[in-house]
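Read the structure below first, then the notes.
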Amino acid sequence: MSGKVVLAYSGGLDTSIAIKWIKEHYNLDVIAVNIDVGIEYDPAAVRQKALDTGAIKAVVINAREEFVTDFIFPTLQADAVYEGWYPLATALARPLIARLLVKIARQEGASALAHGSTGKGNDQVRFEIAFNTLAPDLKVIAPAREWGMTRAEAINYARKHGIPVPVTAASPYSIDANLWGRANECGVLEDPWVEPPADAFAWTRPIEETPDEPRYVEVSFEKGIPVALDGQKVDGVSLIQKLNQVAGEHGVGRIDHVENRLVGIKSREVYETPAATVLLQAHRALEELTLSKEQLRFQKKVATEYADLTYNGLWFSRFRQDLAAYVKSSQQFVSGVVRLKLSKGNCITAGRKSPFSLYSHGLATYDKGDEFDQSAAPGFIHIWGLATRNQAQVQGPDNP
Ligand code: ARG
């Protein structure tokens, strides 16, 4: 085999080794593509490292805005959270990376795509379904699944080939991070009984070290999309970055989740998602104000489906597009402002308002100005209880 392969390159140990390994085992020239999904790092250094390791070409793409617009915000509008805990940060970045890799592969006339995921996680599934869906003609190579090296052997392989072993390789953790959150697994975290040690966290302060003074933030939404922070218009990327910092300082967004992977394994994941935690809560708070009871109830089902399909690698399915169309329509009046209080690891809804609020003070109040016609209640109760009364008379009440 000869030709070119486009590799999803993080700059870490596995994808660095992959450059050499692919050349050795497939005789393909590697084009390393690094996608910037919003974490502070040195893109020039990553690019240079790929070239030094033997890539014939290395590309860094700043995809922050695309990530927010096409992946994060639609998921926020859907309230999608996997198994009630995980805001899907890693799961959302995979289809974005896959889409950009396919684009580069077409530009470069490559015959294959490659990723650095192992054979027992979700990410291999997400990458490969996306690759196969968007570019069924391209071959897929998964070095870390194929090479069968232990961590120690991989480090040896790197040393033998003059690949610098990053300090992070010495860390016991396996970390993946982007704008929407940081995921941490491996090391002592593999025992669900062990409390995550302080060094497992990087974005959030421990409760003991958070400020005593609570911090209020106001998030403004237009049609379910956050557009301003504390009254200041701001682009999506900056808004998320700012919230990660501010909420992280107050210890908001730590999640400890024993999660069901698609491949059948239970996995203990420690997440830090300050911005996602705040925005998901604010968004739901605004939906409570602006959606009807039926819309809210249906939204829960949609959220579960949306989260599952995203987690399970089906982002580019027709089903997701159909759900997204419903979600978009449902967000038409989800505009307004939510005030949240960040304090000691908690994010508390402290106020909400909307020009489209369905909350009616006149109907809800027990004070003067009550517009609710209480004299109509007996008739309502009579009809509402009719079927239950009738059944009880025929079959006996359910409370003998
Ligand atoms: N379990 C999460 C998922 O499948 C996050 C995985 C992140 N990877 C990591 N090395 N921590 O989406």
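For the sequence shown, our numbering gives the first residue as 77, with consecutive numbering after it.
Note that CB positions come from ideal geometry on N, CA and C, so glycine has one too.
Within 7 Å: the Cβ of residue i and any heavy atom of the ligand ARG?
{"i": "residue 259", "result": "yes"}
{"i": "residue 166", "result": "yes"}
{"i": "residue 252", "result": "yes"}
{"i": "residue 422", "result": "no"}
{"i": "residue 343", "result": "yes"}
{"i": "residue 348", "result": "no"}
{"i": "residue 335", "result": "yes"}
{"i": "residue 198", "result": "yes"}
State the CB to CB distance for the pair residue i and residue j, rounded to an integer number of angstroms; the pair is presumed to be in contact (CB under 8 Å).
{"i": "residue 416", "j": "residue 292", "result": "7 Å"}
{"i": "residue 140", "j": "residue 313", "result": "5 Å"}
{"i": "residue 356", "j": "residue 155", "result": "7 Å"}
{"i": "residue 175", "j": "residue 210", "result": "6 Å"}
{"i": "residue 172", "j": "residue 142", "result": "7 Å"}
{"i": "residue 338", "j": "residue 388", "result": "5 Å"}
{"i": "residue 436", "j": "residue 412", "result": "The pair is not a contact, with the Cβ atoms about 15 Å apart (cut-off 8 Å)."}
{"i": "residue 190", "j": "residue 218", "result": "7 Å"}
Thinking C-beta only, is residue j closer than 8 Å to residue i?
{"i": "residue 95", "j": "residue 121", "result": "no"}
{"i": "residue 80", "j": "residue 187", "result": "yes"}
{"i": "residue 262", "j": "residue 328", "result": "no"}
{"i": "residue 326", "j": "residue 255", "result": "no"}
{"i": "residue 169", "j": "residue 82", "result": "no"}
{"i": "residue 273", "j": "residue 88", "result": "no"}
{"i": "residue 382", "j": "residue 129", "result": "no"}
{"i": "residue 86", "j": "residue 239", "result": "no"}
{"i": "residue 345", "j": "residue 330", "result": "no"}
{"i": "residue 300", "j": "residue 237", "result": "no"}
{"i": "residue 406", "j": "residue 371", "result": "yes"}
{"i": "residue 166", "j": "residue 199", "result": "yes"}
{"i": "residue 447", "j": "residue 439", "result": "yes"}
{"i": "residue 201", "j": "residue 207", "result": "no"}
{"i": "residue 414", "j": "residue 362", "result": "yes"}
{"i": "residue 205", "j": "residue 390", "result": "yes"}
{"i": "residue 136", "j": "residue 103", "result": "no"}
{"i": "residue 283", "j": "residue 420", "result": "yes"}
{"i": "residue 192", "j": "residue 306", "result": "no"}
Can you tell me the Cα-Cα spacing of residue i and residue j, whole angstroms?
{"i": "residue 126", "j": "residue 221", "result": "20 Å"}
{"i": "residue 225", "j": "residue 332", "result": "29 Å"}
{"i": "residue 310", "j": "residue 303", "result": "6 Å"}
{"i": "residue 257", "j": "residue 320", "result": "9 Å"}
{"i": "residue 432", "j": "residue 298", "result": "11 Å"}
{"i": "residue 108", "j": "residue 366", "result": "46 Å"}
{"i": "residue 409", "j": "residue 463", "result": "35 Å"}
{"i": "residue 163", "j": "residue 84", "result": "23 Å"}
{"i": "residue 336", "j": "residue 376", "result": "20 Å"}
{"i": "residue 392", "j": "residue 379", "result": "17 Å"}
{"i": "residue 281", "j": "residue 289", "result": "14 Å"}
{"i": "residue 385", "j": "residue 115", "result": "25 Å"}
{"i": "residue 316", "j": "residue 351", "result": "6 Å"}
{"i": "residue 318", "j": "residue 475", "result": "56 Å"}
{"i": "residue 228", "j": "residue 324", "result": "34 Å"}
{"i": "residue 353", "j": "residue 277", "result": "16 Å"}
{"i": "residue 401", "j": "residue 368", "result": "18 Å"}
{"i": "residue 427", "j": "residue 235", "result": "57 Å"}
{"i": "residue 287", "j": "residue 134", "result": "43 Å"}
{"i": "residue 160", "j": "residue 185", "result": "42 Å"}
{"i": "residue 195", "j": "residue 341", "result": "12 Å"}
{"i": "residue 153", "j": "residue 395", "result": "16 Å"}
{"i": "residue 180", "j": "residue 105", "result": "14 Å"}
{"i": "residue 455", "j": "residue 461", "result": "10 Å"}
{"i": "residue 233", "j": "residue 97", "result": "9 Å"}
{"i": "residue 119", "j": "residue 279", "result": "21 Å"}
{"i": "residue 296", "j": "residue 117", "result": "29 Å"}
{"i": "residue 138", "j": "residue 457", "result": "60 Å"}
{"i": "residue 101", "j": "residue 223", "result": "10 Å"}
{"i": "residue 269", "j": "residue 334", "result": "11 Å"}
{"i": "residue 451", "j": "residue 157", "result": "43 Å"}
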